[in-house]
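Comments concern the structure below.
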Amino acid sequence: MSDTITSKQKETIFMNMSDGVLLINSNQEITYSNPAAEAMLNLYREAPVMQDFLFNKKNKPFYRFLLQALKNKSKSDMAVASYENGNEKRILNIRTSQTGPDTILVLMEDITATHNLKKHERDCAMIFAGLITCICIYLFVWSLIRFTLGIRLNTSVYTLIIEGIAFLLFLEIIFFTSMTFKDIGIFVKPSKLLKTFVTAVPIAAVVCCILLLLNFLLRITGHPVKPYFIGGSFGGAYTYIFTAILQEFLSRGVIQTSVKALMQIKYQKVFSIFLTSLLFALMHLPFDFPFMMGAFLLSIALGIVYEKHQNIWGCAFLHWSCGYLAMAMFF
Numbered sequence: 009m010s011d012t013i014t015s016k017q018k019e020t021i022f023m024n025m026s027d028g029v030l031l032i033n034s035n036q037e038i039t040y041s042n043p044a045a046e047a048m049l050n051l052y053r054e055a056p057v058m059q060d061f062l063f064n065k066k067n068k069p070f071y072r073f074l075l076q077a078l079k080n081k082s083k084s085d086m087a088v089a090s091y092e093n094g095n096e097k098r099i100l101n102i103r104t105s106q107t108g109p110d111t112i113l114v115l116m117e118d119i120t121a122t123h124n125l126k127k128h129e130r131d132c133a134m135i136f137a138g139l140i141t142c143i144c145i146y147l148f149v150w151s152l153i154r155f156t157l158g159i160r161l162n163t164s165v166y167t168l169i170i171e172g173i174a175f176l177l178f179l180e181i182i183f184f185t186s187m188t189f190k191d192i193g194i195f196v197k198p199s200k201l202l203k204t205f206v207t208a209v210p211i212a213a214v215v216c217c218i219l220l221l222l223n224f225l226l227r228i229t230g231h232p233v234k235p236y237f238i239g240g241s242f243g244g245a246y247t248y249i250f251t252a253i254l255q256e257f258l259s260r261g262v263i264q265t266s267v268k269a270l271m272q273i274k275y276q277k278v279f280s281i282f283l284t285s286l287l288f289a290l291m292h293l294p295f296d297f298p299f300m301m302g303a304f305l306l307s308i309a310l311g312i313v314y315e316k317h318q319n320i321w322g323c324a325f326l327h328w329s330c331g332y333l334a335m336a337m338f339f
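Quick note: to get this note's numbering, add 8 to the position in the sequence shown (first position is 1).
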């Protein structure tokens, strides 16, 4: 039995490889490409010249690397480069070697999934580091002011602190992570936005009815409403819109999205909603325990709406309508 691999066997190996294989001559003509390479580069056999498929300006690093490999005839080289074709972007691990006087062999491994996973893990780590830092500072300051110095601040101050935390995290996401407005549910198609409100409005109506009934029952049974809880009036409803949007960006867009991405477990959605709701309630610690519990339950509903529609706008409406009604009536 011969140990030599025949040309047909070599072709079968190349045809079934998951890595892309190209042979390029000194005239920049592609003399061979396997199916994996054609799929990675969207390469057509009718266009064998490199310039014919590396026309995108964003692919210049990829193109220049291959040109350099053609010049360095006695060298093998390796690089990681991106390749874009239309709306699709791939990250390729490229290795080149000389196979003849005027020909190079190019092996390409698609590492897009691994690259994106590492980038996402880094983004989540950055977000959680910023979030934990902000929450710790918030609780330390609250404890210092409330218990050590004995100063009772207006609740609007605490609201401003929460909004400040949300704004700082917004800046962190924009400048230090690769997350986009679409990833956190800010940019959304009009049709999807309408579906979100179709879900949120009935929930808001039910919650508001429960709040009205609870207020009525407390009053007829003679239970006083503690004025130091929050305080508020219907006149400030328009300013609370911005508070609701910022807090939903922080809670749903940042925390819930990141927790779900990191928790590779069976019930990752349930866990992300629960953990986000605990943190959301913790942010309302200065407003006393009953309000914290109300915030926790509302956050559960908000998390479900967000998971269903993947944008913050229905959640922001639900947060605004229910949250401010509770503030105006009870506190």
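In this text, a Cβ means the ideal position worked out from N, Cα and C, and glycines have one as well.
Report back the beta-carbon spacing between residue i and residue j to the nearest angstrom; my notes put them in contact at under 8 Å.
{"i": "CYS144", "j": "CYS330", "result": "Wrong, their Cβ atoms sit about 28 Å apart, outside the cutoff."}
{"i": "GLU92", "j": "LYS66", "result": "5 Å"}
{"i": "LEU177", "j": "CYS142", "result": "7 Å"}
{"i": "ILE341", "j": "LEU78", "result": "Missing from the structure shown is residue 341; the chain here goes from 9 to 339 and no further."}
{"i": "ILE135", "j": "ILE181", "result": "7 Å"}
{"i": "GLU171", "j": "THR251", "result": "6 Å"}
Tell whether a beta-carbon distance below 9 Å holds between residue i and residue j.
{"i": "PRO294", "j": "ARG154", "result": "yes"}
{"i": "PHE224", "j": "SER259", "result": "no"}
{"i": "SER34", "j": "THR122", "result": "no"}
{"i": "TRP321", "j": "LEU201", "result": "yes"}
{"i": "GLN255", "j": "ALA336", "result": "no"}
{"i": "ALA245", "j": "TRP328", "result": "yes"}
{"i": "THR188", "j": "HIS317", "result": "no"}
{"i": "LEU286", "j": "PHE304", "result": "yes"}
{"i": "LEU74", "j": "ILE102", "result": "yes"}
{"i": "ALA324", "j": "GLY302", "result": "no"}
{"i": "PHE257", "j": "ILE194", "result": "yes"}
{"i": "VAL313", "j": "ILE218", "result": "no"}
{"i": "LYS274", "j": "GLU315", "result": "no"}
State buried or exposed for residue i, treating a residue as buried only when at least 16 other CB atoms are found within 10 Å of its CB.
{"i": "SER199", "result": "exposed"}
{"i": "PHE70", "result": "buried"}
{"i": "LYS268", "result": "buried"}
{"i": "SER26", "result": "exposed"}
{"i": "LEU326", "result": "buried"}
{"i": "GLU129", "result": "exposed"}
{"i": "LEU220", "result": "exposed"}
{"i": "SER186", "result": "exposed"}
{"i": "ILE238", "result": "At ILE238, the pLDDT of 44 sits below 50, so the modelled position is not reliable and the matter cannot be decided from this model."}
{"i": "LEU125", "result": "exposed"}
{"i": "THR167", "result": "buried"}
{"i": "VAL214", "result": "exposed"}
{"i": "SER280", "result": "buried"}
{"i": "SER10", "result": "With a pLDDT of only 48 at SER10, under 50, the local geometry of the prediction cannot be trusted, and no value is derived from it."}
{"i": "ILE192", "result": "buried"}
{"i": "THR204", "result": "buried"}
{"i": "GLY230", "result": "exposed"}
{"i": "LEU179", "result": "exposed"}
{"i": "ALA137", "result": "exposed"}
Which same chain residues, not among the five before or five after residue i, have their C-beta less than 8 Å away from its C-beta?
{"i": "VAL29", "result": "PHE22, TYR40, SER41, ASN42, ALA44, ALA45, LEU113, VAL114, LEU115 and MET116"}
{"i": "THR284", "result": "SER259, ARG260, ILE263, GLN264, VAL267, SER307 and GLY311"}
{"i": "MET48", "result": "GLY28, TYR91, ARG98, LEU100, MET116 and ASP118"}
What does residue i pair with, by DSSP beta-bridge criteria?
{"i": "TYR40", "result": "LEU31"}
{"i": "ASN93", "result": "GLU96"}
{"i": "GLN106", "result": "ILE112"}
{"i": "MET86", "result": "ARG103"}
{"i": "ASP131", "result": "For ASP131, which the question treats as bridged, DSSP gives no partner whatsoever."}
{"i": "GLU117", "result": "ASN101"}
Leaving aside the five residues before and after residue i along the sequence, list all residues of the same chain whose C-beta is less than 6 Å from its C-beta, in chain order.
{"i": "VAL196", "result": "ASN319"}
{"i": "SER384", "result": "Because residue 384 is not part of the residues shown, which for the chain are 9 to 339, the question remains open."}
{"i": "MET300", "result": "ALA289 and HIS292"}
{"i": "LYS127", "result": "SER186"}
{"i": "GLY158", "result": "none"}
{"i": "TYR332", "result": "ALA245 and TYR248"}
Less than 8 Å between the CB of residue i and some heavy atom of the ligand GDP, yes or no?
{"i": "MET23", "result": "With respect to small molecules bound, the structure shown includes none, and the ligand GDP cannot be examined in it."}
Can you find the residues in the same chain that come closer than 7 Å, C-beta to C-beta, to residue i, ignoring five residues on each side of it along the sequence?
{"i": "LYS97", "result": "SER90"}
{"i": "LEU161", "result": "ILE153"}
{"i": "ALA87", "result": "PHE73 and ILE102"}
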